[in-house]
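Here the protein sequences line up with chains A and B, keeping their order.
Just so we're aligned: -3 in our numbering is position 17 of the first sequence, and the numbers increase by one with no gaps anywhere.
Convert by adding 1495 to the 1-based position in the second sequence; the result is the number in our numbering.
Using N, Cα and C, we set each Cβ at its ideal position, and we do this for glycine too.
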Amino acid sequence: DAGVIQSPRHEVTEMGQEVTLRCKPISGHDYLFWYRQTMMRGLELLIYFNNNVPIDDSGMPEDRFSAKMPNASFSTLKIQPSEPRDSAVYFCASSLRLAGGWGGTDTQYFGPGTRLTVL
Amino acid sequence: RKEVEQDPGPFNVPEGATVAFNCTYSNSASQSFFWYRQDCRKEPKLLMSVYSSGNEDGRFTAQLNRASQYISLLIRDSKLSDSATYLCVVNGPDAGNNRKLIWGLGTSLAVNP
């Protein structure tokens, strides 16, 4: 079974450029999460979707960040314009259910991440 | 107080040692608790869920103390392959966000030969 797929794996861009990160969740998972990880702040939830609908985007830093999930097998996280402080590893994860489910259905499976560097 | 706090370490232990990590959480209404493992430059992966009665998986034992609001992870007979960062995860605050996971910054473990 393929796990969560993310692309690109690495992205180096210049300040002001648009960045688009892509994610394909595990087939059949109803929840999709976007996280950002830095040394200082650890793993932060940016937004999550349930059945393609954004449920909680309170973690999105500012209007420069946007996320979409046009169908059950694809999601994007876009940063426009990018800034050096956006440099981080961005993870996408999916799960069958939210935390509190039984039998491991709330386990979040992470993709390999996109390492973003904004110069 | 941070919502989830962990000692960042690093914990340096010899092979075969027993090591324990604690993690404290601030929301007394939290219901779900997990330990994830993250290898260097890799994604986090679930190590084990933490149940009220405590649970064990081979060399790993997880405990929950609701009164003091902490969870613990005990690793017995440490292996070199146990070297990683261990992330404590707790479901988040109420007001609509009760089931959002909050992640600790992680505890770094290095097992030495």
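Beta-bridge pairing of residue i - partner residues as DSSP gives them
| i | result |
| --- | --- |
| residue -5 of chain A | BP columns for residue -5 of chain A are empty, so no partner. |
| residue 40 of chain A | Looking at the DSSP assignment, residue 40 of chain A forms no beta bridge with any residue, so it has no partner. |
| residue 1687 of chain B | Limits of chain B in this structure are 1496 at one end and 1608 at the other, which puts residue 1687 of chain B out of reach. |
| residue 1602 of chain B | B:1581 |
| residue 48 of chain A | A:56 |
Beta carbon proximity, residue i to chain A, threshold 8 Å
| i | result |
| --- | --- |
| residue 1539 of chain B | yes |
| residue 1599 of chain B | yes |
| residue 1568 of chain B | no |
| residue 1604 of chain B | no |
| residue 1542 of chain B | no |
Cβ-based neighbour list, residue i, same chain, cut-off 7 Å, excluding 5 preceding and 5 following
| i | result |
| --- | --- |
| residue 1572 of chain B | 1511 and 1554 |
| residue 1606 of chain B | 1508, 1510, 1573, 1574, 1575, 1577 and 1578 |
| residue 87 of chain A | 75 |
Neighbourhood of residue i by C-beta distance below 6 Å, restricted to the same chain and skipping five residues each side
| i | result |
| --- | --- |
| residue 1500 of chain B | 1519 |
| residue 1585 of chain B | 1499, 1520, 1525, 1528 and 1597 |
| residue 95 of chain A | -10 and 69 |
| residue 1558 of chain B | 1549 and 1567 |
Check whether residue i and residue j have beta carbons under 8 Å apart
| i | j | result |
| --- | --- | --- |
| residue 1503 of chain B | residue 1600 of chain B | yes |
| residue -5 of chain A | residue 69 of chain A | no |
| residue 1530 of chain B | residue 1581 of chain B | yes |
| residue 49 of chain A | residue 26 of chain A | no |
| residue 58 of chain A | residue 67 of chain A | no |
Cutoff 8 Å: residue i Cβ touching any chain B Cβ
| i | result |
| --- | --- |
| residue 87 of chain A | yes |
| residue 45 of chain A | no |
| residue 36 of chain A | yes |
| residue 61 of chain A | no |
| residue 29 of chain A | no |
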